[in-house]
Amino acid sequence: MATKGEVDPAATATNDNMGTKTGKRGELTMFYTVKPGHEKAIREAIRAFYETPFRQNFEDPRVVDVNVKIGVHDVRHVLFDNDTRLCWLTSFDSDWDPYIDDTFAVRDNWVEYAKILQHTNEAPEGDITDPNNPIQKSSRPVKDVFNGNRILAAGFFPTFPNVTVRDIQRDEKLRKAFEQVLDHPGAEEALSHPALQPLLEFASE
Amino acid sequence: MQTASTGLELSDIQSGALHPRPSPYAGTYIVLRIDDRRAGREVLRRLIPALTPATDPARVDQEAWVAAALSFQGLKALGVPQASLDSFPLPFREGMAARAAHLGDVGDSAPENWEEPLGSADVHLGITALSPDKTRLEAVLERAQKTYEQMPGISLIWRLDCFALATDAEHFGFKDGISHPAVEGSGVAGSNPEEPPLKAGEFFFGYLDETNEFPPMPQPEILGHNGTYIVFRKLHQRVAAFRQYLKANASTAEEEAFLGAKMMGRWQSGAPLALCPTHDDPELGADPKRNNAFMFAADDSKGLKTPPGCHIRRANPRDAQITGVPRLHRMIRRGTSYGPLLPDGVVQDDGAERGLAFVFVGSRLDRQFEFVQREWMNDSSFFGAGGDKDPIVGDNDGSGGFTIPKAPIRRRLAGLPQFVVTRGGEYFFAPGLRALRWLSELDT
Ligand code: HEM
Numbered sequence: 000m001a002t003k004g005e006v007d008p009a010a011t012a013t014n015d016n017m018g019t020k021t022g023k024r025g026e027l028t029m030f031y032t033v034k035p036g037h038e039k040a041i042r043e044a045i046r047a048f049y050e051t052p053f054r055q056n057f058e059d060p061r062v063v064d065v066n067v068k069i070g071v072h073d074v075r076h077v078l079f080d081n082d083t084r085l086c087w088l089t090s091f092d093s094d095w096d097p098y099i100d101d102t103f104a105v106r107d108n109w110v111e112y113a114k115i116l117q118h119t120n121e122a123p124e125g126d127i128t129d130p131n132n133p134i135q136k137s138s139r140p141v142k143d144v145f146n147g148n149r150i151l152a153a154g155f156f157p158t159f160p161n162v163t164v165r166d167i168q169r170d171e172k173l174r175k176a177f178e179q180v181l182d183h184p185g186a187e188e189a190l191s192h193p194a195l196q197p198l199l200e201f202a203s204e
Numbered sequence: 000m001q002t003a004s005t006g007l008e009l010s011d012i013q014s015g016a017l018h019p020r021p022s023p024y025a026g027t028y029i030v031l032r033i034d035d036r037r038a039g040r041e042v043l044r045r046l047i048p049a050l051t052p053a054t055d056p057a058r059v060d061q062e063a064w065v066a067a068a069l070s071f072q073g074l075k076a077l078g079v080p081q082a083s084l085d086s087f088p089l090p091f092r093e094g095m096a097a098r099a100a101h102l103g104d105v106g107d108s109a110p111e112n113w114e115e116p117l118g119s120a121d122v123h124l125g126i127t128a129l130s131p132d133k134t135r136l137e138a139v140l141e142r143a144q145k146t147y148e149q150m151p152g153i154s155l156i157w158r159l160d161c162f163a164l165a166t167d168a169e170h171f172g173f174k175d176g177i178s179h180p181a182v183e184g185s186g187v188a189g190s191n192p193e194e195p196p197l198k199a200g201e202f203f204f205g206y207l208d209e210t211n212e213f214p215p216m217p218q219p220e221i222l223g224h225n226g227t228y229i230v231f232r233k234l235h236q237r238v239a240a241f242r243q244y245l246k247a248n249a250s251t252a253e254e255e256a257f258l259g260a261k262m263m264g265r266w267q268s269g270a271p272l273a274l275c276p277t278h279d280d281p282e283l284g285a286d287p288k289r290n291n292a293f294m295f296a297a298d299d300s301k302g303l304k305t306p307p308g309c310h311i312r313r314a315n316p317r318d319a320q321i322t323g324v325p326r327l328h329r330m331i332r333r334g335t336s337y338g339p340l341l342p343d344g345v346v347q348d349d350g351a352e353r354g355l356a357f358v359f360v361g362s363r364l365d366r367q368f369e370f371v372q373r374e375w376m377n378d379s380s381f382f383g384a385g386g387d388k389d390p391i392v393g394d395n396d397g398s399g400g401f402t403i404p405k406a407p408i409r410r411r412l413a414g415l416p417q418f419v420v421t422r423g424g425e426y427f428f429a430p431g432l433r434a435l436r437w438l439s440e441l442d443t
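Line by line, the protein sequences are chains U and B. Under numbering that gives the first Met the number 0, the first residue of the first sequence carries the number 0, and numbering increases by one thereafter. Under numbering that gives the first Met the number 0, the first residue of the second sequence carries the number 0, and numbering increases by one thereafter.
As structure tokens, then:
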């Protein structure tokens, strides 16, 4: 049975022994205990985490570009046992280590994560707004907390494990472009070319 | 007692819930407000002998049939005990107006624009009377009237007169009242020989449903058993706008009829595109043995005949490839028309109120009516067409479209306006006859 702390908290970013993967898709599941008295504060921190433009404006192509670059499919926070515990889940394209390193390389937003983690017993002591707190300089403390609290999923099933967010983004654009082609009055003639035969199957729907 | 047998207790079930209505006919819906619970119970007591059990289906030679149903506010007004009130599901307790966002009742359809008193806490007891003609209807209404008139504490607060033409056409011109499911143990044949009967629990409390469970039954048992939910919606139809839209997208009258048929899934005669995809066939439309005898998967998976986005394929995808299981979202419908017909060929709006008094019967407001309204009428994810809405009844706003599959290249109609506007409605509970007696004898 995988248990919390099975992975060395000091694990380096090259540790590849982490994460349940199905196809190209990896998952991360973590459990935390909320500091007594921080139940309201953590709920508020989670709300704020989701209210950033990066998690709200999901139709904005610039936002999509960044999230695609990160390779994240979804993120979920679940408070339970009267808000005394937190389950944090996400799934993404790639292995866990490159994923988390790349995430912070794309967006230096680990303090956003620390704002939630600071309300848990598992996070290091210290004021995260203090300029001398190591968190101000590096994502390492956040990664260490993540790695130390990860529990391997016993099972993980995505319907399309090999379809990445990048694939989805491209397919969306392709679908819209194809609709435009079909809306064109000359579409029927254009698609009658033998080279385009495979597309005709989709043209009638 | 909940019974696993399929034997429906027809003598206790209200006929209107189970039996197709006669046609042509005249009908009336009335709504009473109960200000005095004792008076309310007395009305029920007097009404019970007039109600028709399902053992005695409406026949043309019969005078009329009458049915009664109560809203949540109505049950409260009768003094139903709190524990019993609490046993009703949330949508019913909230009432239809509170579910507006869920149902797509926004903009012109929003409850603040509803006709009074629909959507208010005053709507308590709904009574319907149907009869093959107006004279007989009046006689029945007069008798029903005697049960509540001059009774202090009871007010008649709303009335709607309805009709069905001999052709059964609704205001857009399409034959309605064709497709209805068979209910196991009811003895009423379904209209589609290829659809096995649905478990009785899909429609009545106290019987197993399609998931092999008993639908959540209002308590106590005597109140819930043999009861069902009724959804009533007064739906205004913008007939001129509908005709204008067809005209704007077609170059001949034939093409208009064709586009209309593609949007509905049937020709105006009722003939289904599934069986005659290129031309109307009035004989087929009129033949109850054939006009609903079809499925979609075997020969029309792409919807080249019946578009996946048309009204009837959304409302009942049958065996088509969709996300979900159609049998869990079926309903019995008892729609009737109201308001004057817009004469043939007129494309200018005359300002008249006309439309469909939509009536749903089923044991699950959430899994059946609300699901169909939300997921199938006002969304298209279930068959992969994103956010498109039903071209006839969806709460469209001019931004959506409708895809007509066609080889080699599909046709896409754009800029769909809203053709159907909600004028009001309510969720009702139609108890069995024993339950009505129990209600009439409450002494809280
Ligand atoms: C003014 C609004 C509406 C009009 C004019 C309308 C009209 C029609 C017509 C002409 C048919 C085909 C005839 C038949 O099978 O009886 C039909 C079928 C049907 N409609 Fe509607 N309808 C309306 C609203 C609704 C709504 C709001 C719902 C559901 C929430 C609904 C559900 C159904 C169902 C379940 C069928 C049967 C489909 C089948 O089994 O093939 N309708 N409607």
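All C-beta atoms, glycine included, are put in the ideal place defined by N, C-alpha and C. All figures in this text were calculated on a predicted structure; none of them were measured in a lab.
Hey, could you find the ends of the alpha helix (DSSP H) residue i is sitting in?
i: glutamate 212(B); result: Glutamate 212(B) -> no alpha helix (DSSP H), and no H or E assigned at all.
i: aspartate 143(U); result: 139 to 148
i: serine 336(B); result: Run containing serine 336(B): none in the alpha helix (DSSP H); it sits in the beta strand (DSSP E), 335 to 337.
i: phenylalanine 381(B); result: From DSSP, phenylalanine 381(B) is part of no alpha helix (DSSP H); its letter is neither H nor E.
i: glycine 223(B); result: 220 to 223
i: leucine 274(B); result: Unbroken run through leucine 274(B): none, as it is neither H nor E.
From residue i to residue j, what distance separates their C-alpha atoms?
i: phenylalanine 30(U); j: phenylalanine 79(U); result: 10 Å
i: glycine 22(U); j: tryptophan 109(U); result: 27 Å
i: valine 59(B); j: proline 215(B); result: No answer about valine 59(B) holds up, because its pLDDT of 44 lies below 50 and its placement is not dependable.
i: arginine 289(B); j: leucine 283(B); result: 6 Å
i: leucine 7(B); j: asparagine 225(B); result: 8 Å
i: asparagine 291(B); j: proline 271(B); result: 7 Å
i: threonine 251(B); j: valine 345(B); result: 16 Å
i: proline 390(B); j: methionine 262(B); result: 6 Å
i: serine 185(B); j: leucine 9(B); result: 7 Å
i: alanine 189(U); j: alanine 406(B); result: 14 Å
i: glutamate 440(B); j: arginine 366(B); result: 32 Å
i: glycine 15(B); j: aspartate 394(B); result: 29 Å
i: glutamate 204(U); j: valine 105(B); result: 30 Å
i: aspartate 64(U); j: phenylalanine 231(B); result: 47 Å
i: lysine 233(B); j: glycine 423(B); result: 5 Å
i: lysine 20(U); j: glycine 70(U); result: 14 Å
i: tyrosine 112(U); j: glutamine 55(U); result: 17 Å
i: histidine 72(U); j: valine 164(U); result: 6 Å
i: aspartate 129(U); j: threonine 28(U); result: 29 Å
i: proline 184(U); j: glycine 400(B); result: 17 Å
i: arginine 37(B); j: glycine 223(B); result: 21 Å
Our contact map puts residue i next to residue j with C-beta atoms below 8 Å; I'd like the distance itself, whole angstroms only.
i: leucine 274(B); j: phenylalanine 293(B); result: 6 Å
i: proline 217(B); j: serine 86(B); result: 5 Å
i: alanine 118(B); j: alanine 96(B); result: Sequence inspection shows glycine at residue 118(B); the alanine mentioned does not correspond to that position. Glycine 118(B) to alanine 96(B), Cβ: 4 Å. Contact.
i: valine 392(B); j: methionine 376(B); result: 6 Å
i: isoleucine 229(B); j: leucine 31(B); result: 15 Å between Cβ atoms; not a contact.
Listing by chain order, which chain B residues have their CB less than 9 Å from the CB of residue i?
i: aspartate 182(U); result: Arg411, Ala413
i: alanine 194(U); result: The premise fails here: alanine 194(U) is roughly 15 Å from chain B at the closest Cβ pair, so nothing lies under 9 Å.
i: leucine 199(U); result: Ala406, Pro407, Ile408
Locate the beta strand (DSSP E) running through residue i, then write down its first and last residues.
i: histidine 72(U); result: 71 to 79
i: arginine 317(B); result: No beta strand (DSSP E) holds arginine 317(B); DSSP gives it neither H nor E.
i: lysine 233(B); result: 227 to 236
i: glycine 25(U); result: 24 to 32
i: aspartate 92(U); result: 84 to 92
i: tryptophan 64(B); result: 64 to 69
i: tyrosine 426(B); result: 419 to 429
i: serine 14(B); result: Serine 14(B) -> not in any beta strand (DSSP E); alpha helix (DSSP H) instead, spanning 14 to 17.
i: isoleucine 408(B); result: No beta strand (DSSP E) holds isoleucine 408(B); DSSP gives it neither H nor E.
i: isoleucine 33(B); result: 24 to 33
Note down, in chain order, every chain U residue with its Cβ under 9 Å from the Cβ of residue i.
i: proline 404(B); result: Ser203, Glu204
Given that residue i touches chain B, what residues does it touch there, using C-beta distances under 8 Å?
i: alanine 186(U); result: Ile408
i: leucine 190(U); result: Pro407, Ile408
Give me the chain U residues within the contact set of residue i, using Cβ-Cβ distance strictly less than 8 Å, ordered along the chain.
i: leucine 303(B); result: Ser203
Residue ranges of each beta strand (DSSP E) within the stretch 80 to 105 of chain B, 3 or longer: Listed in chain order, there is nothing to give.
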